[in-house]
Amino acid sequence: MVDPKESIDIENVVASTGIGQELDLESVAMDLEGADYDPEQFPGLVYRTQDPKSAALIFRSGKIVCTGAKSTDDVHQSLRIVFDKLRDLNIQVDDDPEIVVQNIVSSADLGSSLNLNAIAIGLGLENIEYEPEQFPGLVYRLDEPDVVALLFGSGKLVVTGGKRKEDAEEAVDTIVERLSDLGLLD
Amino acid sequence: RLRKWQERIRTKDAGERNLQFALSEIDRMASALGVPRSVREVASVIYRRALNEDLIRGRSIEGVATACLYAACRQEGIPRSLEEVSDVSRVEQKEIGRTYRYVAQELELKMEPVDPKQYVPRFASELELSEEVQSKANEIIDTTAEQGLLSGKSPTGYAAAAIYAASLLCNEKKTQREVADVAQVTEVTIRNRYQEQIEAMGIH
DNA sequence: ATTTTACTTTGTAAAGC
DNA sequence: GCTTTAAAAAGTAAAAT
């Protein structure tokens, strides 16, 4: 049996940062090619990087949200590109702004199909949410680590809400242990 | 002092009026759905609990009332799908679903997943299918569910496929369209579930 | 009848309504 | 609460072929 931990893939990393300067988004939108800015719809300007692929939300305050990257390293690479693009527009950007990872979304595979009905009862109906009429995944909120897992009948799962990649590993370990104890994992 | 007293009366009256409105809405929707009086009473009890726990704040009275009725139907073993409930409510399906999940969590209703078999009598009856077809559909549901085929699937689509399969096996054939219409699912869903179920039953 | 596109669920930050 | 962004899981649905 392969350790489900080895199957973990980071699918999305969300991080926030700031350049330390206020911005005139109207002019940035004019000068930055590919920028999407519609203040009526959303106060942030959207700028997408191609490699690594990501989307940056740039705000008037100078704060920036980066999402869509596949690793924390990609987040730093993407934001470096964004910072340089802004510098090209003669905008002052702090030397190396602090980048804080806010959420990591991971996927994994437990290796065998799951009986979600039995798992719902086993883990306790008060501890889970399972409404197949609304969504095929069983929602399982953990306290340690503080993340949310979505379990599917195929045995695959999604872990989100964590800030370190270790959070997903610990979550998968905990889930495997609890399901095994219940005899609900082959 | 008199002002405070009058304010309390006003608040109390407003609260009473809101409760009356919620209960009358539950009554109206329950009638439209054709569910027994016991379900309305269960729904009313859930609504009063939600009110006591202050779960209505930030939500519409009718949204909570509808969600309580949906939960009550399930608790009483005669479920109505969110689509069926939204058909008699002025609240949209998505909002009813969200509110239901919120109320179920907060009141710790410990709702069990809907058993597709609970839809069989009503759907089969609307299709004028025999007792034999219903028994066969139930057998298909139990057998295939035990094999893990039910995980993640919508109970209405699952029941619809089993009824369709059973109608074929018992020579009382209904078309996928006819079954899809009463269950309010698409023919594609029936086709997909039907294939899996027949496969799991070992093609009769 | 199949394929494509799109929506459902989960977390998270940002500024403003 | 909402708005927007990204991504996965799998089911369902509507539209396109």
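Here the protein sequences line up with chains A and B, keeping their order.
No gaps in the numbering here: position 46 of the first sequence is 481 in our numbering, and each next residue is one more.
No gaps in the numbering here: position 91 of the second sequence is 110 in our numbering, and each next residue is one more.
C-beta atoms are modelled at their ideal positions from N, C-alpha and C, and glycine is treated no differently.
Pairwise C-beta distances place the segment 562-581 of chain A out of contact with the segment 139-157 of chain B, as fewer than three of them are shorter than 8 Å. Distances from the alpha-carbon of residue 220/B to those of 158/B, 50/B, 175/B put 158/B closest. From the beta-carbon of residue 550/A, the residues of chain B found nearer than 7 Å are 167, 170. By a beta-carbon distance limit of 8 Å, residue 191/B does not contact residue 199/B. Their separation comes to about 17 Å.
Rounded to whole angstroms, the separation of the alpha carbons of residue 586/A and residue 170/B is 10 Å. For residue 555/A, the residues of chain B that pass the 7 Å Cβ criterion are 132, in the order they occur in the chain.
For residue 491/A, no alpha helix (DSSP H) segment is defined; the enclosing uninterrupted segment is the beta strand (DSSP E) at 489-493.
When 9 Å is used as the limit between beta carbons, residue 588/A is near these residues of chain B: 167, 168, 169, 170, 171, 172, in chain order. Put simply, the segment 83-95 of chain B does not touch the segment 522-529 of chain A. Fewer than three CB pairs are less than 8 Å apart.
Under the 9 Å criterion on CB atoms, residue 441/A is classed as non-interfacial with respect to chain B. Going by beta carbons, residue 517/A and residue 499/A fall inside the 9 Å limit. By the Cβ-count criterion, residue 562/A is exposed, with fewer than 16 other Cβ atoms from all chains shown falling within 10 Å of its own Cβ. Boundaries of the beta strand (DSSP E) around residue 499/A: 498-504. If you check the CB distance, residue 542/A and residue 590/A do not come in under 9 Å. Within chain B, no C-beta atom comes nearer than 8 Å to that of residue 532/A; the closest sits roughly 36 Å away.
For residue 173/B, there is no enclosing alpha helix (DSSP H), since its DSSP letter is neither H nor E. One Cα belongs to residue 217/B, the other to residue 184/B, and the distance between them is close to 8 Å.
For the 9 Å CB-CB criterion, residue 180/B and residue 209/B form a contact.
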